[in-house]
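What follows is one structure encoded as C-alpha cells, with my remarks underneath.
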Amino acid sequence: MVEKLQQQKLQEVKITRQEVEQFYQTNRDSLPELKESVEISHILLQVTPGAESKQQAREKIAGILERLRSGEDFAELARQYSEDPGSAAKGGELGFIQRGDFVKDFEEKAFALQPGQISDIVETQFGFHIIQMLERRGEKINVRHILIRTRPTKADEERTLKLLLAIRDSCLAGADFAEMAKRYSNDETTADKGGYLGWFEVEKLQLPEFKSVVKELKIGEISQPFRTRFGYHIVKLLNRREGGKLSLQRDWEQIEQWALMDKRSRAMQKWVEELKKNLYIEIKDEIKE
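Position in the sequence shown (from 1) plus 176 gives the number in our numbering.
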C-alpha cells in the first residue's frame with residue numbers, strides 16, 4: 177500500500193524547462209562528465225564449415241565407424257579420436273540423459289537405439305557423431321559417443337570475407353544497411369533490428385576490435401570487415417557524442433532526467449516528513465487499562 181502511494185506521488189512530480197535550467201546552473205560543476213559514446217549497427221557473418229571441411233570430417237568418422245563394425249572397442253576409439261573434450265577421456269560416455277538435454281538430431285538417434293546398438297553417422301551443429309546406447313532406465317538412457325568436429329578451413333574464411341565485402345560494397349552503392357543486416361547478419365539478437373546495437377561508451381566496448389574500429393569512423397561511415405572471435409563484422413557509425421562537460425543544448429535529455437530525479441527525491445523526502453508529523457497512534461482504552 178505504501179509503495180503504491182510512493183509511486184503515485186512520484187508520477188505526480190513534473191518538471192519545467194526553467195527548473196531544468198536552474199538545476200543545471202546550480203549543479204553544473206558537480207555533474208559527471210560524459211564519456212565519448214557511439215551509436216552503432218553491425219552485420220556479423222560467422223565462419224561456418226563449407227562442403228570441403230564437412231567432407232573431410234565425414235570421411236574421418238566413416239573410417240572410425242568401419243573399425244567399430246569390425247569389432248574394435250568403442251571406448252578405446254573414443255579416447256583416441258573423439259573431439260569432445262568433456263567425454264573423450266571417459267571413453268565417450270555421457271552418462272544418463274533425458275530428452276531435452278541435447279540437440280534434437282542427437283537425441284532422436286540416441287533414443288531410437290537399443291542397448292548395445294551403435295548408430296550410423298549422425299550430423300549435428302557440432303559435427304559428426306557415432307552413438308552407442310549402453311543402458312535404458314525408464315525415460316533416461318546412458319550413451320557414449322565419438323565426435324569429429326567440422327572446422328572451418330582457410331577457404332571458408334576467405335568465402336565469408338568475400339561475401340561481407342560484397343555486402344559492404346552494396347551498402348556503399350546505396351543499399352540500406354538495416355535491410356542488409358536483416359537479410360545476411362548471423363547475429364540473432366540484432367538482425368531483426370537491422371543490426372542495431374545501440375549506444376555505448378567507447379572505452380566500455382567489450383570487444384577491443386570494436387573499440388579500435390569505431391574510434392576511426394566518422395558518422396555515417398561503414399568500416400572495413402574485421403575479425404572477432406564471433407566471426408567477421410562490418411560496423412556503421414550512426415552517431416557520436418564527444419566526451420566532456422555536459423551542455424544544455426547537447427545533453428538536454430540527460431540533464432532533464434537528473435533534474436527530475438532530484439526533484440522527485442526532494443518531493444519524496446517532504447512527503448515522508450509530512451507523514452511523520454501527521455502520524456498518530458490510537459491507544460485503545462482496554463490496552464491502557
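Built from N, CA and C at the ideal position, the CB exists for glycine as well.
As the structure is a prediction and not an experimental result, all values here were calculated from the model.
Assuming residue i contacts residue j under a Cβ cut-off of 8 Å, what Cβ separation, rounded to an integer in Å, is found between them?
i, j, result
"Pro401", "Leu323", "No, Pro401 and Leu323 are not in contact; Cβ-Cβ is about 31 Å, not under 8 Å."
"Thr117", "Gly407", "Look at the range of the chain in this structure, 177 to 465, and you will see that residue 117 is not part of it."
"Gly371", "Ala354", "6 Å"
"Glu333", "Val223", "6 Å"
"Phe199", "Asp427", "In fact, because the Cβ distance is near 13 Å, the residues do not count as touching under 8 Å."
"Ala238", "Ile317", "Not confirmed; about 25 Å, so no contact."
"Pro291", "Leu310", "7 Å"
"Leu487", "Ile216", "The question about residue 487 has no answer here: the residues shown for the chain are numbered 177 through 465."
"Ile395", "Leu381", "Their Cβ separation, rounded to whole angstroms, is 17 Å, which puts Ile395 and Leu381 out of contact at 8 Å."
"Leu244", "Ile294", "6 Å"
"Ile191", "Glu432", "7 Å"
"Glu195", "Ala435", "6 Å"
"Met444", "Leu186", "7 Å"
Per DSSP, residue i is paired with what?
i, result
"Ile322", "Ile306"
"Tyr372", "Ser217"
"Gly271", "Val319"
"Glu299", "Phe304"
"Glu311", "Asn318"
"Leu210", "Gly420"
"Ile294", "Gln308"
Using a Cβ-Cβ cutoff of less than 7 Å, which residues in the same chain neighbour residue i once the five nearest sequence positions on both sides are dropped?
i, result
"Gln301", "Val279"
"Met356", "Ile219, Ile343, Ser346, Cys347"
"Thr404", "Leu383, Glu385"
"Ile463", "Low confidence applies here, because Ile463 scores a pLDDT of 48, under 50, leaving its location unreliable; read the following figure in that light. Hits under 7 Å: none found."
"Leu241", "Ile297, Ile306"
"Leu339", "Leu221"
"Arg255", "Ala264, Ala265, Gly267"
"Ala367", "Ala357, Lys358, Ser361"
"Glu197", "Leu424"
"Gly420", "Glu209, Leu210"
"Glu228", "Thr329, Ala331"
"Lys453", "none"
Within the same chain, show all residues whose beta-carbon is closer than 8 Å to that of residue i, passing over the 5 residues directly before and after it, in chain order.
i, result
"Val378", "Lys211, Glu212, Ser213, Val214, Lys387, Val390, Lys391"
"Arg275", "Glu283, Phe287, Glu315"
"Ala233", "Pro225, Gly303, Phe304, Ile324, Arg325, Thr326, Arg327"
"Glu465", "For Glu465, the pLDDT reaches just 49, beneath the cut-off of 50, and the residue's location in the model is therefore unreliable, leaving the point undetermined."
"Gln201", "none"
"Gly247", "none"
Only counting the same chain, and skipping five residues up and downstream in sequence, which positions put a Cβ closer than 6 Å to that of residue i?
i, result
"Gln184", "none"
"Arg417", "Ser213"
"His321", "Gly268, His305, Ile307"
"Glu449", "none"
"Glu299", "none"
"Asp260", "Leu323"
"Arg193", "none"
"Lys236", "Ile324"
"Ala251", "Gly267"
"Asp281", "Thr300"
Counting along the chain, where does the alpha helix (DSSP H) carrying residue i start and finish?
i, result
"Ser346", "330-348"
"Thr202", "193-203"
"Glu283", "280-287"
"Ala354", "353-360"
Taking 7 Å as the cut-off, is the CB of residue i close to at least one heavy atom of the ligand ATP?
i, result
"Ala286", "Among the components modelled here there is no ligand, and therefore nothing to report on the ligand ATP."
Problem set entry | beta strand (DSSP E) runs contained entirely in the segment 378-436, provided each spans 3 or more residues | Taking only runs of at least 3 residues, the beta strand (DSSP E) segments lying wholly in the segment 378-436 are 402-404, 407-417.
Exercise. Can you list the alpha helix (DSSP H) stretches of 4 or more residues lying completely in the segment 220-250, in chain order?
Worked result: 227-245
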